[in-house]
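In the numbering used here, the protein residues as written are 837 to 1243. Even glycine gets a Cβ: it sits at the ideal position worked out from N, Cα and C. Below is one structure; the comments refer to it alone.
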Ligand SMILES: Nc1ncnc2c1ncn2[C@@H]1O[C@H](COP(=O)(O)OP(=O)(O)OP(=O)(O)O)[C@@H](O)[C@H]1O
Ligand SMILES: [Mg+2]
């Protein structure tokens, strides 16, 4: 049924009096209500906040038929924003962004204010073909906007940051580079060529995270979304034995790794969206999830969204997926760990050789990015790229039967 076919009186719980108040306040259609935020609505129509929320939800569901409505995001996202009292800003709302830049931004995968707020200035300036200082200003503006009506006060953010924990690889050089280890409340992206060691690191951390804190772990369990069928229980077993901890039983470690095989990119997204229930269960069992792995983050997306025309859709989905992973990390004080296979470009002599060609499709949404590559004698190079609070740099490690080792 089309939205305009509804009268205000059709909204559940709205009688003639409320309808009149709403009309007086300028809400003459359910479309208008769907576009308002909860606080605007309850203030201007003199109704309770709870009623306002219910009304907005209902109106959004009627105006979108529950379908994903293109660029403005899914109806769920709209409900979420409206209830957070945040109006959805479009990228054209950014000062200085006209249609031409907006188009370039969208082509580059920046579909939302949030995606720009979390971008690095170099990626953004490249995507939109703008100067880096303009890019920085845009990012700053988007960050400010993204904060409006956010859930947390500065004190809360500060307190949450005090809870950040670090998970060690137990390779001292690597942990040193990371300022102690992989951080909770953040997503780290491991990118590199096939065989560069991404899945090895993921397996090692799935083991280490279960260790007590004094041994470098977080005493937690693991949610592992496997998209390429590369999870290997026998590798976990080897790595547990490799720890050389007396009494460490590989079967006990395997029990705390909750693996799901994703068949399609939609399935992959759904697995993360639906993992709150599992996370709650793990929490109540005293082994809360502390590591959320998606290996590989991009494989299925890359194969399913091959043509140019579908690029924007792919980016939008990936952004949402990353956002969902992040929400879990934030809620459970856990580490997000995602992998991204890229091809290195040996023909690049100038510029940044760590910049992946034809494959950087997540870069701007991860907090930490690590570029992995193979070197001589089985050595692997672990390079920290673009970290918000740590200097860039490199460390080396080996992959042995017992797991990651110092060189
Ligand atoms: N049991 C083992 N002992 C020693 N080295 C191993 C062992 N298992 C795997 N490796 C090393 O790890 C490499 C594979 O690395 P990994 O699976 O992490 O690659 P990846 O970066 O995930 O690649 P892809 O992009 O294909 O998924 C092997 O080539 C081998 O060198
Ligand atoms: Mg792999």
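Closest Cα partner of residue i within the set the options
i: residue 939; options: 1240, 1155, 1147 and 1227; result: 1147
i: residue 953; options: 1218, 1216, 1202 and 1242; result: 1202
i: residue 1167; options: 896, 1036, 1115 and 941; result: 1115
i: residue 1131; options: 1158, 1081 and 1009; result: 1158
i: residue 1122; options: 1092, 1096 and 1104; result: 1092
i: residue 1062; options: 1034, 1076 and 1048; result: 1034
i: residue 1097; options: 1066, 1005 and 931; result: 1066
i: residue 1139; options: 994, 1102 and 980; result: 1102
i: residue 1072; options: 1060, 1089 and 1082; result: 1089
i: residue 981; options: 966, 1012, 933 and 949; result: 949
i: residue 898; options: 889, 842 and 951; result: 842
i: residue 894; options: 979, 856, 846 and 884; result: 846
i: residue 977; options: 991, 994 and 951; result: 951
i: residue 1218; options: 979, 1113, 887 and 1018; result: 1018
i: residue 884; options: 1113, 1112, 858 and 1011; result: 858
i: residue 1012; options: 1052, 896 and 1086; result: 1052
i: residue 867; options: 896, 889, 1153 and 888; result: 896
i: residue 1048; options: 1024, 1081, 962 and 1068; result: 1081
i: residue 1207; options: 994, 932, 1010 and 934; result: 1010
i: residue 1060; options: 1149, 886, 1104 and 931; result: 1104
Whole-number beta carbon distance between residue j and residue i, since they are thought to touch under 8 Å
i: residue 1038; j: residue 1129; result: 5 Å
i: residue 1172; j: residue 1040; result: Contact flag wrong, Cβ pair sits at about 16 Å.
i: residue 1245; j: residue 1175; result: An answer regarding residue 1245 cannot be provided, because it is not within the stretch 837 to 1243 covered by the chain.
i: residue 1165; j: residue 955; result: No, residue 1165 and residue 955 are not in contact; Cβ-Cβ is about 19 Å, not under 8 Å.
i: residue 964; j: residue 941; result: 5 Å
i: residue 880; j: residue 861; result: 4 Å
i: residue 1045; j: residue 1003; result: 5 Å
i: residue 1054; j: residue 1220; result: With 8 Å as the limit, residue 1054 and residue 1220 do not qualify as a contact, their Cβ atoms being about 20 Å apart.
i: residue 1237; j: residue 1036; result: Between residue 1036 and residue 1237 the Cβ distance is about 11 Å, and since that is not below 8 Å, they are no contact.
i: residue 869; j: residue 878; result: That pair is no contact at about 11 Å.
i: residue 1169; j: residue 1020; result: 5 Å
i: residue 972; j: residue 1056; result: Not quite, the Cβ-Cβ distance comes to about 36 Å (not below 8 Å), so this is no contact.
i: residue 1222; j: residue 1209; result: Incorrect: roughly 16 Å between the Cβ atoms, too far for contact.
i: residue 1179; j: residue 1070; result: About 29 Å; that fails the 8 Å criterion.
i: residue 1243; j: residue 1212; result: Not a contact, Cβ separation roughly 11 Å.
i: residue 1118; j: residue 1124; result: 6 Å
i: residue 1135; j: residue 1177; result: 7 Å
i: residue 1160; j: residue 1109; result: 6 Å
Alpha carbon of residue i to alpha carbon of residue j, nearest angstrom
i: residue 1225; j: residue 1058; result: 26 Å
i: residue 908; j: residue 882; result: Because the pLDDT at residue 908 is just 40, under 50, the model does not fix this residue reliably, and the value given afterwards should be weighed accordingly. Their Cα atoms are separated by approximately 28 Å.
i: residue 968; j: residue 943; result: 18 Å
i: residue 1084; j: residue 926; result: 52 Å
i: residue 799; j: residue 844; result: Lying outside 837 to 1243, the shown extent of the chain, residue 799 is not represented and no answer is given.
i: residue 825; j: residue 1064; result: No information on residue 825 is available, as it lies outside the stretch 837 to 1243 that the chain covers here.
i: residue 936; j: residue 929; result: 13 Å
i: residue 853; j: residue 891; result: 15 Å
i: residue 1095; j: residue 1241; result: 25 Å
i: residue 872; j: residue 1008; result: 53 Å
i: residue 1227; j: residue 1163; result: 26 Å
i: residue 970; j: residue 1142; result: 31 Å
i: residue 1050; j: residue 1006; result: 12 Å
i: residue 945; j: residue 957; result: 14 Å
i: residue 1151; j: residue 1137; result: 9 Å
i: residue 1120; j: residue 1111; result: 14 Å
i: residue 979; j: residue 962; result: 19 Å
i: residue 1087; j: residue 1079; result: 14 Å
i: residue 1068; j: residue 1024; result: 21 Å
i: residue 1193; j: residue 1077; result: Here residue 1193 scores only 45 on pLDDT, less than 50, and its place in the model should not be relied on; the value that follows carries that caveat. Taking the straight line joining both Cα atoms gives about 38 Å.
i: residue 966; j: residue 991; result: 35 Å
i: residue 933; j: residue 1153; result: 23 Å
i: residue 889; j: residue 848; result: 12 Å
i: residue 887; j: residue 931; result: 35 Å
i: residue 994; j: residue 1031; result: 39 Å
i: residue 865; j: residue 1016; result: 55 Å
Any non-hydrogen atom of ligand 3 within 6 Å of residue i CB
i: residue 1034; result: Within the structure as shown, ligand 3 is missing, the only ligands being ligand 1 and ligand 2.
Contact between the segment 1218 to 1232 and the segment 991 to 1004 is defined here as three or more beta-carbon pairs at a separation below 8 Å; is this criterion met? no
Which runs of the beta strand (DSSP E) spanning at least 3 residues fall entirely within the segment 1015 to 1069, listed in chain order? 1022 to 1028 and 1057 to 1062
Completely contained beta strand (DSSP E) runs for the segment 1116 to 1162, where each covers 3 or more residues: 1125 to 1131
Quick check for students: name the residue ranges of the alpha helix (DSSP H) that lie wholly in the segment 919 to 963, counting only runs of 4 or more. 935 to 943 and 949 to 953
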